[in-house]
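Trainee: These protein sequence lines are chains W and Z, in that order. Using numbering that gives the first Met the number 0, read the first sequence as starting at 0 and increasing by one per residue. Using numbering that gives the first Met the number 0, read the second sequence as starting at 0 and increasing by one per residue. Built from N, CA and C at the ideal position, the CB exists for glycine as well. Model, not experiment: these values are computed from the prediction. Sending over a structure as structure tokens; questions will come in a sec.
Protein chains: 2
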Amino acid sequence: MRKKIELDWSVGFCTGIEDVPEKRVPAAVPGAVQLDWARVEGWEDYTYADNYKHYAWMEDVYWSYVTKLQVPEIKEDECLFFVCMGVDYKFQVKLQGKVIHEQEGMFTPFEIDLTGKAAHEDELEILVFPAPKRKGAPEGRTEADQCVKPAVSYGWDWHPRLVPLGIWDETYLEIRPACHIKDSEVSYCLDENLENALLFAEVWLSSDRYEKIQWEFYDRNGNLVFCREYYDLSGYVRMEQAVEKPQLWWPNGQGEPVLYKSVIKLIGLNGLVLDKKESRVGFRRVKLTMHPGAWEYPEEFPKTRSNPPITLEINGRQIFCKGSNWVNPEIFPGIITDETYRNLVRMAKEANMNLLRSWGGAIINKDSFFEICDEEGIMVWQEFPLSCNNYIGTPEYLRILDQESKSIIKRLRTHPSVVLWCGGNELFNAWSGMTDQSLALRLLNRNCYDMDPSRPFIMTSPLTGMKHGYYRFRYPDGRDVFQVMPHTVATAYTEFGCPGPADAEYLKKFIPPEELFPPRPGTSWEDHHAFNAWQSPDWLGLDIIEHYFGTSDSLELLVERGQWLQAEGYKCIFEEARRQKPVCSMALNWCYNEPWPTAANNSIISWRTKPKPAYYAVKAALRPVLASARIPKFSWRGGELFTPELWILNDSPDCVPAGKIKAFLQIGEEEIFLIEWNYPMLESNTNMPGPIVRYCLPHRDVDRIKLVVKVDGCPEMNSEYTLLYRATERKEDGNHVRMLNF
Amino acid sequence: MRKKIELDWSVGFCTGIEDVPEKRVPAAVPGAVQLDWARVEGWEDYTYADNYKHYAWMEDVYWSYVTKLQVPEIKEDECLFFVCMGVDYKFQVKLQGKVIHEQEGMFTPFEIDLTGKAAHEDELEILVFPAPKRKGAPEGRTEADQCVKPAVSYGWDWHPRLVPLGIWDETYLEIRPACHIKDSEVSYCLDENLENALLFAEVWLSSDRYEKIQWEFYDRNGNLVFCREYYDLSGYVRMEQAVEKPQLWWPNGQGEPVLYKSVIKLIGLNGLVLDKKESRVGFRRVKLTMHPGAWEYPEEFPKTRSNPPITLEINGRQIFCKGSNWVNPEIFPGIITDETYRNLVRMAKEANMNLLRSWGGAIINKDSFFEICDEEGIMVWQEFPLSCNNYIGTPEYLRILDQESKSIIKRLRTHPSVVLWCGGNELFNAWSGMTDQSLALRLLNRNCYDMDPSRPFIMTSPLTGMKHGYYRFRYPDGRDVFQVMPHTVATAYTEFGCPGPADAEYLKKFIPPEELFPPRPGTSWEDHHAFNAWQSPDWLGLDIIEHYFGTSDSLELLVERGQWLQAEGYKCIFEEARRQKPVCSMALNWCYNEPWPTAANNSIISWRTKPKPAYYAVKAALRPVLASARIPKFSWRGGELFTPELWILNDSPDCVPAGKIKAFLQIGEEEIFLIEWNYPMLESNTNMPGPIVRYCLPHRDVDRIKLVVKVDGCPEMNSEYTLLYRATERKEDGNHVRMLNF
């Protein structure tokens, strides 16, 4: 069997490729050169204030990792491999000073057979080149438009400029039997009616010195489904096995994410197990389909095409996709652990999400991310690392993209959670300038077709009919999201944002006390994206908060107000998108998580796993079945006619029994009964519009009203909406004059 | 050198694959089994009346071609090949009763080395299978949705149900030197600024028994540009040669379609030429680009993508594409000759067209079509044989499509005239039901990317922003094309039709005298698509003609009226599309030609090369530079305010000098001066809007008025528009009552 040997690494930098580092420090592998250096130099945390700026120089030098190989004795029937799952980004591997491997691209793992080539105490070096930057490009993401390094680290509106480098994934020596499994893959084919599967396994062996291959297959309870033996000694074995009535893998909310286990054992000439490969199989079929009614449009001549499909169908069932945009959970991918992924994916599941869009500006996650998503039933929309740039198809760029995309496809295609390939983010918009003709995207379509034809592929998001944005509670024209969203039409809202500040206590961890209040541009607030991050106004949205509330006298009050807008804004958009089913089939807010502590952001979870109030609002809006209200606007005054529409939303595979809904208005301590609705049974995955309340708001001296919708006997379906309220116009105080614009 | 030996074929049919035909008749090769049989049986012309119906049974039997090989003596340094450029559709080749080749697909040529295998008088058989039909499909084009046979012959609204079968392209024996050129291809790479080319030639030899390869390259005047010799004896030779400042190939109206000639000679050990391959090279670069201003849309959040690009750029210059939809010029592709192509392509050039969309319902044309387009500067938009069906990506269908598309790409990619690959016709519309996810289209993207990445590829037409239809002069809502078109927006009008009847004398050639007038459904008029061809009303458009003119008392008058509507309709649409430049970059009417005599059709040329009046109207509308008028509607009455807008249209690469335009209204013999416009100089490829006439129409007793726009000193820019006119409402006659709806 195999035996891993961990290596002790040190790292140092030099400015020329031929230079030798003056100093080396212990290196954590996997990790990042920046963190190793900072640790030894005693630098302050890069997440505090503007400390990250001190790391800028590190992206422009060479970093040399070295280790002295501690090689035990290798027997005759053994071999020695150096295995590396990823180096960020361009690098050489040297043994005793001689280059034995060169590569550009962080997503292609490599292994080197060192048997008979490396001696004990030999020096193995990984020389990491400076971060790639296109010559002549202005500073920022454009520098990354001729490489396959994620663009986000070159600076984004929620990510500081900090470009990681180094060994970012598992790296070790391994002693293997001389005859071992070089590679194996299990795949399947489901019949049309999903009743039977044909399972395939391919196994590549390193030699023909074995007796047989034994293939075991277990169900989710560990019961053996079959065990077969194969005596093909050609070094490549293709095995096939029918599986009758397999239990299907379902995404969260639709059924169980059933996983089977495959164990492929290589049995040696002595009858003992030489090597084995375990993997999991989730049986499911995915298609990208047209929504019901889609073919009826366009109606008129001259006639253009119908919108491209974006409704995901899993196992023959069209599914409303609820979720979020996943970004890199750390600036430095090397320090992401299984726990990082597990916590965040579980929180997504708990928030009733079923899909994460793994955004093209960030990294392709490590294996454990996908394993956890497989287990939790969280579908993954996986983008290739292209985002908001025009990635011109030069031969050199296409060569790297070809290599990296093939590695990514091969690594991820066995995961049932991965349901969609996408070329990258917003590539068909003005700020990117790519088109359907861009060679990079045609190459990705080609590779996905060649290597993974049963999984859908789209070139980018948004496509026609899909929508991105806006990223404010209040639009520049003065309308709020309550006023805008019911009038938009989209086949999928694949990005939309409502920014909100982080918790006050959390802000204090990375904003120096003297800068904390009031928030100002030019301080750490700006470094952490509260100001001048994207279009004006900024992610803190001071002007929007002041528009609704006037000035805030304390950090705590400001945060409470900003978080209120974020929470109600997200609730409004998610529920509205669900109401627009089946034309709309997807609602993914921008964004889920963040890679470092932002002061304000569209995220619903502060780094690392701290939910904002908006997280709970989203969770409520994404319940499979709920009573919901379409509310005409956020801000109300006494005397106005309050006219929320009642709805029941159901995206579950189950019917909802008939029942009774009552709506109430809470004003201070008062609870006013508004309406009662006896609704009939709802079919599975179907919404139902109910009556429209018409109620003249009384004059009261409160600052908010609450619409509460209660379902008799089903409190888990209850909903509430906290809205702004003013009894009368207030002019007594200059700060409130702008409130007249309500 | 090579020597061709023509073969004498006979053909007969049988109902089972094992059967032997009872009777054989002489066969014309290339040709079609239907024509051979009809010739000998003395059947009447399939184009007359409903004779084509008698051919129906022929699509369901096996057809056996046989020939006795007349093999001369083959010397030791020679070999013998059977060469066949195409058999329609599925077939076996047998030598002395033994199957030596099997194939499905008419677009993949094949050759068989018979050296030492075939003796004199041996029987060679080509057994053609019945026409492919998907089991369970209803009669019509749907039967063709699992094959790569053009769907049109299964019946279309301008094509009878008549499914050709047989040897449809050149087929012969060939004696070759044992050492000969198996294949060769010349390609090039132009530098960014189009100043220098790198020319490549690849040559595959059948053996290494040669001295050298000699490569000669000649300019358009026959002057030698270079001559190089290569002594590589590996059997595969790749040659490279820089060409400085090559003259570029330009489409019609933009420059000369310059072609160079390459001659690759295989020189034997005795110093003599063993074999040679001639080919032509047209240096040009093609891109599909966004039109000026395209990136500014969409403006609003939430934001979808910008429209996909459809503006063709040739040699760095965006070109307004003017042309038509090319369909198969014969029902039986085997009888298409070089002359067929030459006449039709030259007529397109004379009509100022620069692009033909080779429609996906029809065949991929023979080589000579593309050679003629290369010579005449006519760009070709080439579709693969998919049209108006859902071609489900079953493994068997994908296998044939893969083979056929690779053959097509390899054959056509050296032609400069071919500027665009397209997956097929109207595949993303309801009546087809395919999407961007369809495996067939992803396969075509893959093959075009792999084999021909520098040529654009689109999956279908229309894409978003592009428009197809309508196909009437008058819409169901009562508006005419003059009223509709100025209010439509499209990036490209890639299909639009205005039907018109054929000439009266021509109609008499295929409609029996007793059916000729008045036209009625259920007669040969219907067989030839005048009635019940597409949506009601039909291609003759009797109700539209009667709407404008009342009943027609003679065939001649009916034809004149129908042709008037067609001519003015097409002029209106083409000129309006040109006015909408640069948002719109393409105007292609449906359709150019036809495969048999239609009684009424959207075509502008009756089968085979008989122009309708609409042809001349289109020719006028497509002049590079012309005075034009946007006219609010077709039908006018005395007392109405006549308000045409004057324009100058210029899509040439030249400026138009300043000048003077006068507009006149001709009413009977009167010529009324309306307006004079002194226009400034126009830039190349730029239109200019001029003044709007405002003139109150007088009351006169005429049935038409004519707007005449004259350019001082440039009569070639003059335009005229003949419009319907009535002095007053006429109620005297029941037939005219409906004219009140004008």
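Would you mind sorting residue 225/W into buried or exposed? The rule is 16 or more other CB atoms within 10 Å of its CB.
Mentor: Looking up residue 225/W in the first sequence gives position 226. The residue is exposed, with fewer than 16 neighbouring Cβ atoms inside 10 Å.
Trainee: With burial defined as no fewer than 16 other Cβ atoms inside 10 Å of the residue's Cβ, what is the status of residue 698/W: buried or exposed?
Mentor: As a first step, residue 698/W is located in the first sequence; it is residue number 699 there, counting from the start. With fewer than 16 Cβ atoms within 10 Å of its Cβ, residue 698/W is classed as exposed.
Trainee: Where does residue 509/W sit, in a helix, a strand or coil, going by DSSP?
Mentor: Position 510 of the first sequence, counting from 1, holds the residue named residue 509/W. Note: residue 509/W maps to coil in three-state DSSP.
Trainee: Please check the pair residue 647/W and residue 712/W, which I expect to be a contact at CB under 8 Å, by giving their CB distance rounded to whole angstroms.
Mentor: One-based indexing of the first sequence puts residue 647/W at position 648. One-based indexing of the first sequence puts residue 712/W at position 713. 14 Å between Cβ atoms; not a contact.
Trainee: Rounding to the nearest angstrom, what Cα-Cα distance links residue 280/W and residue 217/W in this structure?
Mentor: Residue mapping note: residue 280/W aligns to position 281 of the first sequence, counting from 1. Residue mapping note: residue 217/W aligns to position 218 of the first sequence, counting from 1. Their Cα atoms are separated by approximately 10 Å.
Trainee: So residue 339/W and residue 332/W are in contact, right, with Cβ under 8 Å, and what is the actual spacing, rounded?
Mentor: As a working note, residue 339/W is residue 340 in the first sequence. As a working note, residue 332/W is residue 333 in the first sequence. Not really, about 10 Å apart at Cβ, beyond 8 Å.
Trainee: Flag this pair as touching only if the segment 404-417 of chain W and the segment 402-411 of chain Z have three or more C-beta atom pairs under 8 Å; answer yes or no.
Mentor: The answer is no - the segment 402-411 of chain Z does not touch the segment 404-417 of chain W, with fewer than three Cβ pairs under 8 Å.
Trainee: With H, G and I counted as helix, E and B as strand and the rest as coil, what does DSSP make of residue 765/W?
Mentor: Residue 765/W cannot be examined here, being either before or after the span of chain W that is shown, 0 to 741.
Trainee: What residues are listed by DSSP as bridge partners for residue 661/W?
Mentor: Residue 661/W sits at position 662 when you count from the first residue of the first sequence. Its beta-bridge partners are 675/W and 709/W.
Trainee: Taking only runs that begin and end inside the segment 446-493 of chain Z, name each unbroken alpha helix (DSSP H) of 4 or more residues, in chain order.
Mentor: Those alpha helix (DSSP H) runs which fall completely within the segment 446-493 of chain Z and span 4+ residues are 480-483.
Trainee: Alpha helix (DSSP H) containing residue 346/W: first to last residue?
Mentor: Taking the first residue of the first sequence as position 1, residue 346/W is located at position 347. Note, residue 346/W: alpha helix (DSSP H), 337-349.
Trainee: Looking at residue 20/W and residue 88/W, is the spacing between their C-beta atoms short of 8 Å?
Mentor: Taking the first residue of the first sequence as 1, we reach residue 88/W at position 89. Taking the first residue of the first sequence as 1, we reach residue 20/W at position 21. No, the pair does not count as a contact, with Cβ atoms beyond the cut-off.
Trainee: Quick check on residue 380/W: buried or exposed, where buried means 16 or more other Cβ atoms within 10 Å of its Cβ?
Mentor: Sequence index remark: in the first sequence, residue 380/W carries index 381 (1-based). That one is buried.
Trainee: Does residue 739/Z come within less than 8 Å of chain W when only Cβ atoms are used?
Mentor: Residue 739/Z sits at position 740 when you count from the first residue of the second sequence. Residue placement at residue 739/Z is flagged as unreliable, the pLDDT there being 36, under the threshold of 50; the coordinate-derived value follows with that caveat. So no, residue 739/Z is outside the interface.
Trainee: I think residue 532/Z touches residue 157/Z, with their Cβ atoms under 8 Å apart; what is that distance to the nearest whole Å?
Mentor: The residue given as residue 532/Z occupies position 533 in the second sequence. The residue given as residue 157/Z occupies position 158 in the second sequence. That pair is a contact at about 7 Å.
Trainee: Count the other C-beta atoms from every protein chain shown that fall within 10 angstroms of the C-beta of residue 197/Z, then say buried if there are 16 or more, exposed otherwise.
Mentor: By 1-based counting over the second sequence, the position of residue 197/Z is 198. Its Cβ having fewer than 16 others within 10 Å, residue 197/Z is exposed.
Trainee: Hey, how far is the Cα of residue 73/Z from the Cα of residue 394/W?
Mentor: Against the second sequence, residue 73/Z aligns to sequence position 74. Against the first sequence, residue 394/W aligns to sequence position 395. So the two alpha carbons sit approximately 48 Å from each other.
Trainee: Going along the chain, which unbroken runs of the beta strand (DSSP E) with 3 or more residues stay wholly within the segment 80-108 of chain Z?
Mentor: As far as the segment 80-108 of chain Z is concerned, its whole beta strand (DSSP E) runs of at least 3 residues are 89-94 and 97-103.
Trainee: Does the distance from the CB of residue 161/W to the CB of residue 330/W come in under 8 Å?
Mentor: Here residue 161/W corresponds to residue number 162 of the first sequence, with the count starting at 1. Here residue 330/W corresponds to residue number 331 of the first sequence, with the count starting at 1. Yes, Cβ-Cβ distance for residue 161/W and residue 330/W is below 8 Å.
Trainee: Note down, in chain order, every chain Z residue with its Cβ under 8 Å from the Cβ of residue 465/W.
Mentor: If you number the first sequence from 1, residue 465/W lands on position 466. The answer, in chain order, is 303 and 304.
Trainee: Does residue 325/W have its Cβ less than 8 Å from a Cβ in chain Z?
Mentor: One-based indexing of the first sequence puts residue 325/W at position 326. False, the Cβ-Cβ gap to chain Z never drops below 8 Å.
Trainee: Could you tell me whether the Cβ of residue 55/W comes closer than 8 Å to any Cβ of chain Z?
Mentor: Position 56 of the first sequence, counted from the start, is the residue given in the question as residue 55/W. Taking Cβ atoms only, chain Z never reaches closer than 8 Å to residue 55/W, which makes this a no.
Trainee: Residues of chain Z with CB closer than 9 Å to the CB of residue 436/W, please, in chain order.
Mentor: If you number the first sequence from 1, residue 436/W lands on position 437. Chain Z residues near residue 436/W: 286, 287, 288, 307, 308, 455, 456 and 457.
Trainee: In this structure, how does DSSP classify residue 333/Z when only helix, strand and coil are distinguished?
Mentor: Residue mapping note: residue 333/Z aligns to position 334 of the second sequence, counting from 1. Helix at residue 333/Z.
Trainee: Examine chain Z for any beta-carbon lying closer than 8 Å to the beta-carbon of residue 428/W, and answer yes or no.
Mentor: What you label residue 428/W is simply residue 429 of the first sequence in a count that begins at 1. With 8 Å as the cut-off, residue 428/W counts as an interface residue toward chain Z.
Trainee: Does any residue of chain Z have a CB that is nearer than 8 Å to the CB of residue 1/W?
Mentor: Working through the first sequence from its first residue, we reach residue 1/W at position 2. Closer than 8 Å: no.
Trainee: For residue 207/W, is the classification buried or exposed, using 16 other Cβ atoms within 10 angstroms of its Cβ as the cut-off for buried?
Mentor: In the first sequence, residue 207/W corresponds to position 208, counting from 1. Residue 207/W is exposed by the Cβ-count criterion.
Trainee: If we ignore side chains and look at the alpha-carbon of each, how far apart do residue 417/W and residue 191/Z end up?
Mentor: Numbered from 1 along the first sequence, position 418 holds the residue referred to as residue 417/W. Numbered from 1 along the second sequence, position 192 holds the residue referred to as residue 191/Z. So the alpha carbons of these two residues sit roughly 40 Å apart.
Trainee: For the beta strand (DSSP E) containing residue 24/Z, list its first residue and its last residue.
Mentor: Counted from its first residue, the second sequence places residue 24/Z at position 25. Run containing residue 24/Z: 24-26, per the beta strand (DSSP E) assignment.
Trainee: Between which residues of its own chain and residue 671/W is the CB-CB distance below 7 Å, once the five residues before and five after are set aside?
Mentor: Here residue 671/W is taken as the residue at index 672 of the first sequence, counted from 1. Taken in chain order, the residues that qualify are 663 and 664.
Trainee: Counting only Cβ pairs nearer than 8 Å, list the residues of chain W close to residue 444/Z.
Mentor: Along the second sequence, read from residue 1 onward, the residue named residue 444/Z stands at position 445. Within chain W, the residues near residue 444/Z are 441, 444, 445 and 448.
Trainee: Check whether chain Z comes within 8 Å of residue 468/W, counting only Cβ atoms and requiring the distance to be less than that.
Mentor: Taking the first residue of the first sequence as 1, we reach residue 468/W at position 469. It does; some Cβ of chain Z falls within 8 Å.
Trainee: Over the uninterrupted beta strand (DSSP E) stretch that includes residue 182/W, give me the two end residues.
Mentor: By 1-based counting over the first sequence, the position of residue 182/W is 183. Where residue 182/W is concerned, the enclosing beta strand (DSSP E) stretches over 180-189.
Trainee: Near residue 400/W, which residues of its chain fall below 7 Å by C-beta distance, leaving aside the five closest residues on each side in sequence?
Mentor: To locate residue 400/W, count along the first sequence from 1; it is residue 401. Excluding residues within five positions, the ones whose Cβ falls inside 7 Å are 147, 439 and 442.
Trainee: Helix, strand or coil: which one does DSSP assign to residue 158/Z?
Mentor: As a position in the second sequence, residue 158/Z is number 159, starting the count at 1. Strand.
Trainee: Roughly how many whole angstroms lie between the Cα atoms of residue 436/W and residue 447/Z?
Mentor: Counted from its first residue, the first sequence places residue 436/W at position 437. Counted from its first residue, the second sequence places residue 447/Z at position 448. Taking the straight line from one Cα to the other gives about 12 Å.
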